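Quick note on this note's numbering: the sequence shown kicks off at 8 and runs consecutively.
Idealized CB from N, CA, C, for every residue including glycine.
All values derive from a computational prediction rather than experimental measurement.
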Amino acid sequence: MGDYHILMQFDIDADSDTIQNALRTQDGIRAWWSTHTDGPSGGQLRVSFPDTPEPFQFTVREDGDRTEWVTGGFPPWWAGTTIRWDVGSNPEGPGTRLLFSHRDYEPGNPVIPIVTPAWAQIIVRLKGYAETGRSQPFFDF
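Below, the structure is given as structure tokens:
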């Protein structure tokens, strides 16, 4: 487990329940990330992507306003990392503040420069879905 973390902040014009639903339900995750999602159920989440030999696998932890997806053995460059979503009120205006982190990378992991802008693009889809209710998955196949 490394000590490098990708950190991002998004202010979203939607209530926290809408965002939690987008992060904690199959229909929600399918609406902004990948249409090929199984779970979360029983504490497990599997997400498939084009040209990937098997689904990404996560153990899901929910605690109040925090949702965490702990990466399993696939993909190997994410193994042992944690995707964390903290949802709270926006102290600077209406709506909700989303604090995102993809944690525990080994420094120098060559996937970091690829994953960082990809997460920004994906979370913009989450923001759009939460604000409009219109499905806009990043991976729709």
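Figure out for me which residue from the options has the closest Cα to the Cα of residue i.
i	options	result
Ser149	Phe63, Gly115, Asp93 and Pro120	The structure shown does not extend to residue 149, since the chain spans only 8 to 148, so no value can be given for it.
Thr59	Arg91, Thr89, Thr74 and Ser41	Ser41
Ala137	Arg104, Trp126 and Ala125	Arg104
Ile26	Asp147, Trp85, Val131 and Gly87	Val131
Gly71	Thr78, Pro120, Trp84 and Gly95	Gly95
Phe17	Glu75, Pro120, Ile129 and Val77	Ile129
Once the 5 residues before and after residue i are set aside, which same chain residues still bring their CB inside 8 angstroms of it?
i	result
Phe81	Glu61, Pro62, Phe63 and Gln64
Trp126	Ile13, Met15, Phe107 and His109
Rounded to a whole number of angstroms, what is the C-alpha to C-alpha distance between residue i and residue j?
i	j	result
Pro114	Ala21	35 angstroms
Val118	Tyr112	9 angstroms
Pro124	Phe146	15 angstroms
Arg73	Thr88	16 angstroms
Arg141	Gly135	8 angstroms
Tyr11	Val122	13 angstroms
Gly31	Leu133	Residue 31 is actually Arg in this sequence, not Gly. For Arg31 and Leu133, the distance between alpha carbons rounds to 12 angstroms.
Glu69	Gly102	21 angstroms
Arg91	Asn116	19 angstroms
Phe56	Pro98	35 angstroms
Gly228	Trp84	Nothing can be reported for residue 228: it is not among the residues displayed for the chain, which extend from 8 to 148.
Glu100	Asp24	The question names Glu, but residue 100 in the sequence shown is Gly. Their Cα atoms are separated by approximately 17 angstroms.
Give me whichever residues DSSP pairs with residue i in a beta bridge.
i	result
Tyr112	Tyr11
Arg73	Asp70 and Asp93
With a threshold of 6 angstroms on Cβ separation, who are the neighbours of residue i within its own chain once the five nearest residues in sequence on each side are excluded?
i	result
Pro47	Val67
Gly79	Gln64
Thr44	Gln33, Ile36, Arg37 and Val54
Where does residue i land, buried or exposed, given buried means 16+ other C-beta within 10 angstroms?
i	result
Leu52	buried
Ala86	exposed
Please tell me whether, using a cut-off of 8 angstroms, the distance from the CB of residue i to the nearest non-hydrogen atom of the ligand ATP is below it.
i	result
Glu61	Among the components of this structure there are no ligands whatsoever, and the ligand ATP is therefore not found.
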